[in-house]
Each structure stands twice: as C-alpha cells, then as structure tokens.
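Q: Pasting a structure here, questions to come.
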Amino acid sequence: MKKIIALILALAMVFSFTACGGGSSDSGKSVIDDIKAKGKLTVGTSADYPPYEFHTEIDGVDTIVGFDIAIAKAIADDLGVELEIVDMSFDNLLMSLANGEFDMVIAAITSNEEREKAVDFSDPYLVSKNLILVKTENAGKYKTIDDIAGAKGGAQTGTITYDRCVQYVGEATTVGLAKVQDLVMELQAGKLDLLFLDYMTVLTYAEVKDDLEAVDVNIPSDAEGYQIAVKEGNSELQQYINGVLAKLLAENAIEGFIVEAQQQAGMDE
Ligand code: ARG
C-alpha cells in the first residue's frame with residue numbers, strides 16, 4: 000500500500016514538474032498539459048444534428064462539420080493541438096465522457112439536474128430552444144402547445160427534447176429513435192406527425208426539405224443554453240473552455256461559425 004502511494008506521489012511530482020506554469024489541479028497533475036503532451040483534444044459528439052454537428056463530403060471525403068465542431072476546433076487551436084472527433088449515438092455520450100473516453104462533449108447539449116450528477120458543464124455559448132418539425136401540409140394544424148397533445152411525436156433517445164415530447168405530446172404517442180435522420184425519414188413517410196428537436200436543426204431541415212416546415216408552439220425551456228460537458232471534477236479544462244468561449248463570444252465568432260455551418264448544411268441552396 001505504502002509503495003503504491005509513494006509511486007503515485009512520484010508520478011504526481013513528475014507531472015507537476017513538467018507542468019511548469021500551467022494551472023494544475025488538486026492532484027498536482029495538469030489536465031491541460033496532458034492534452035498538450037498527447038497532442039490532441041478528443042471530443043465526443045453525435046454528428047446527426049445539422050448545423051450543430053453533421054457529416055458532409057469535403058473533396059470527396061466524409062467529414063464531420065458544424066458550428067459546435069468549429070467551437071471545438073477553436074479550443075483545440077487555442078491549446079495548440081489537433082482536434083480528434085469521436086462520433087457516437089447521443090445517448091452514450093455522457094457515459095463515455097464519464098468513463099474517460101474523451102476530454103469533452105459538444106453536441107447541442109444542455110445541462111439538467113440528472114446530467115449535472117454525472118459530468119460538469121461549461122458556461123453556455125448559445126441560447127437553446129426547441130421547435131417542432133412537421134410536414135408542410137400539416138403546418139396549420141399546430142398553433143399552440145395544446146394542439147400537439149396526442150399527436151404522434153418523435154424525438155431522439157436520451158435527450159431532454161425527448162422528455163419534453165413525452166410531456167407535451169404524451170407518453171403513449173411518443174416514439175424515440177437513436178438517430179435524427181431516422182426520425183426525419185419516419186416523419187416524411189407520414190409515420191410520425193411531428194418531431195421535437197433543437198431549433199437550429201428544425202430550421203435547417205425545414206429549409207433543405209421542401210416537404211417539411213418549422214413550427215413554433217412555444218415549448219417552454221428551462222435550460223439557459225448549450226454547454227460543453229467535461230468529466231466530473233475537471234475544473235481545469237472547464238475553466239480553460241470558459242476562457243476560450245468568452246473570447247469567441249466577445250469576438251462574435253460563433254455567429255460566423257453558425258453561418259458557415261448553415262451553408263455547409265445546404266441552407267443557402
Ligand atoms: N438539446 C438536446 C439535449 O441536450 C438534444 C441534443 C441532441 N444532440 C445531437 N447532437 N444529436 O438533450
């Protein structure tokens with residue numbers, strides 16, 4: 000036992016020794032220096048959510064883009080490291096983060112009490128809001144939140160948006176699927192009446208698909224905005240991220256990222 004403690008202490012000293020200057024956490028080991036030593040910032044996302052994060056072809060190569068990804072890239076650039084994206088199903092993201100599979104998660108995610116128990120969040124970088132996506136021919140049917148009760152609603156599994164759908168449409172008629180693209184297909188096929196999604200995604204699909212339309216039924220929001228998640232207790236990276244976000248917000252850089260992502264999602268066509 001003593002030997003192990005001595006070894007951990009020795010290792011901790013090595014880390015704090017190489018840490019020269021960088022803010023170090025309680026253990027004396029700097030998370031930021033670890034990322035720099037690794038040469039990459041590993042970021043988890045669910046790339047099925049244009050324009051936040053999605054797949055597109057750039058010069059014939061499948062690439063993950065979006066304004067969340069641009070924010071992640073800005074953080075990696077600030078750290079002077081490469082950005083590595085890990086794409087997975089949304090409902091596995093926070094668990095994988097807690098298991099140490101990546102440094103942070105950016106995925107149009109907002110915090111709530113349950114998530115706060117598992118991970119920590121940065122400051123918000125953009126106001127969050129939900130809209131519903133419907134077939135154009137049905138757009139007139141839904142004006143207020145009362146009009147959607149009992150409709151067949153679709154939402155992504157493991158999201159707060161899903162919980163809202165259950166709340167306002169009803170448990171019995173809510174369908175959860177892991178991938179947003181599958182939800183959109185079900186909606187287009189007439190198997191679902193409406194989808195609960197984050198507003199930018201709804202606006203993108205409404206613009207890109209002729210048969211779909213965005214409707215604002217004023218879904219109440221209790222979240223202050225989208226935030227980046229880090230491992231529980233990783234206040235060093237959390238503070239670093241907050242510093243970069245503050246800079247990006249002060250420069251109005253995020254607006255530029257949004258415009259570019261919308262274009263990449265085909266919104267200018
Ligand atoms: N904003 C919702 C939430 O926090 C849904 C986010 C879904 N994100 C995604 N990349 N598919 O639960």
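268 is the number that numbering that gives the first Met the number 0 gives the last residue of the sequence shown; the numbers go up by one with no jumps.
Glycine included, each C-beta is placed from N, C-alpha and C at the ideal position.
Since I believe G65 is in contact with E81 (beta carbons under 8 Å), could you give me their beta-carbon distance rounded to a whole number of angstroms?
A: In the sequence shown, the residue the question calls residue 81 occupies position 82. In the sequence shown, the residue the question calls residue 65 occupies position 66. Between G65 and E81 the Cβ distance is about 18 Å, and since that is not below 8 Å, they are no contact.
Q: Can you look up F101 in the DSSP assignment and give me helix, strand or coil?
A: Position 102 of the sequence shown, counted from the first residue, corresponds to residue 101. Annotated three-state conformation of F101 is coil, per DSSP.
Q: Please return the same chain residues whose Cβ sits closer than 8 Å to the Cβ of P50, not counting the five positions on each side in sequence.
A: For the purposes of this step, residue 50 is identified with residue 51 of the sequence shown, where counting begins at 1. Hits under 8 Å: G65, F66, M199, T200, T203, I257, A260, Q261, Q263, A264, M266.
Q: Skipping 5 residues on each side, what residues in its chain have a beta carbon closer than 7 Å to that of L132?
A: Walking along the sequence shown from the start, residue 132 turns up at place 133. Closer than 7 Å at Cβ, skipping near neighbours: L186, L193, L194, L196, V201, Y204, A205, L211, A213.
Q: Ordered along the chain, which non-local residues of its own chain (more than five positions away) have a Cβ less than 6 Å from that of D119?
A: For the purposes of this step, residue 119 is taken as residue 120 along the sequence shown, with counting starting at 1. Excluding positions up to five away in sequence, the list reads V229, E231, Q237.
Q: Any chance the CB of S121 is under 7 Å from a heavy atom of the ligand ARG?
A: Here the question's residue 121 lines up with position 122 in the sequence shown. Not under cutoff, so the answer is no.
Q: Nearest CA to the CA of T160: which residue from E115, A138, I108?
A: Locating residue 160 in the sequence shown gives position 161, counting from the first residue. Here the closest residue by C-alpha is I108.
Q: Quick check on the DSSP output: what are the complete beta strand (DSSP E) runs of length 3 or more inside the stretch 148 to 235, in order along the chain?
A: 152 to 155, 173 to 176, 193 to 197, 211 to 214, 228 to 230
Q: Within the present structure, is the beta-carbon of E52 separated from the nearest heavy atom of the ligand ARG by less than 7 Å?
A: Indexing the sequence shown from 1 puts residue 52 at position 53. Yes, the ligand ARG has a heavy atom inside 7 Å of this Cβ.
Q: Take K178 and list the residues in its own chain whose beta-carbon comes closer than 6 Å to its own, dropping the five residues that flank it on each side.
A: Counting from 1 along the sequence shown, the entry for residue 178 is found at position 179. The answer, listed in chain order, is D47.
Q: Using only CA atoms, which one of A75, V30, L92 lies nearest to P44?
A: As a first step, residue 44 must be located in the sequence shown, where it is residue number 45. In the sequence on display, residue 44 carries Thr and not Pro. Minimum Cα distance to T44 is reached at L92.
Q: May I have the straight-line CA-CA distance separating N233 from K142, to the nearest angstrom?
A: Stepping through the sequence shown from its first residue, residue 233 is reached at position 234. Stepping through the sequence shown from its first residue, residue 142 is reached at position 143. The straight-line gap from Cα to Cα measures roughly 43 Å.
Q: Helix, strand or coil for D269, going by three-state DSSP, please let me know.
A: Within the shown structure, residues of the chain are numbered from 0 to 268, placing residue 269 beyond reach of any answer.
Q: Suppose the cutoff is 8 Å on Cβ atoms and the five residues either side in sequence are ignored; what does the same chain contact list for A148 look like?
A: Here residue 148 corresponds to residue number 149 of the sequence shown, with the count starting at 1. Result list for A148: Y167, V168, G169, in chain order.
Q: Compare the beta carbon distance of L78 and I144 with 8 Å and say whether it is the shorter of the two.
A: Taking the first residue of the sequence shown as 1, we reach residue 78 at position 79. Taking the first residue of the sequence shown as 1, we reach residue 144 at position 145. The answer is no: Cβ separation not under 8 Å.
Q: Could you please give me the residues that DSSP links to V118 through a beta bridge?
A: Within the sequence shown, the letter at position 119 stands for residue 118. Paired residues: K230.
Q: Can you grab the Cα-Cα spacing for the pair A154 / V85, in whole Å?
A: As a position in the sequence shown, residue 154 is number 155, starting the count at 1. As a position in the sequence shown, residue 85 is number 86, starting the count at 1. Going from the Cα of A154 to the Cα of V85 covers about 22 Å.
Q: Can you give me the C-alpha to C-alpha distance between S23 and L191, rounded to a whole angstrom?
A: For the purposes of this step, residue 23 is taken as the residue at position 24 of the sequence shown. For the purposes of this step, residue 191 is taken as the residue at position 192 of the sequence shown. With a pLDDT of 45 at S23, under the threshold of 50, the modelled position of that residue is not reliable, and the figure given next carries that caveat. Near 51 Å, if we compare the C-alpha coordinates of L191 and S23.
Q: Name the residue from A249, I227, E235 whose alpha carbon lies nearest to the alpha carbon of K72.
A: In the sequence shown, counting from the first residue as 1, residue 72 sits at position 73. Closest option to K72, judged by alpha-carbon separation, among A249, I227, E235: I227.
Q: Which term fits E250, buried or exposed, when burial requires 16 or more other beta carbons within 10 angstroms of its beta carbon?
A: Translated into positions along the sequence shown, residue 250 becomes position 251. Exposed, because fewer than 16 other Cβ atoms sit within 10 Å of the Cβ of E250.
Q: For the ligand ARG, is there a heavy atom less than 7 Å away from the beta-carbon of F89?
A: Residue 89 sits at position 90 when you count from the first residue of the sequence shown. Indeed, a heavy atom of the ligand ARG lies less than 7 Å from the Cβ.
Q: Report yes if the C-beta distance between I31 and Y124 is below 8 Å; otherwise report no.
A: The residue labelled residue 31 in the question sits at position 32 within the sequence shown. The residue labelled residue 124 in the question sits at position 125 within the sequence shown. Result no, Cβ atoms of I31 and Y124 do not sit closer than 8 Å.
Q: Would you say A75 and L130 are within 8 Å of each other, going by their C-beta atoms?
A: Within the sequence shown, residue 75 is the residue found at index 76, counting from 1. Within the sequence shown, residue 130 is the residue found at index 131, counting from 1. The answer is no: Cβ separation not under 8 Å.
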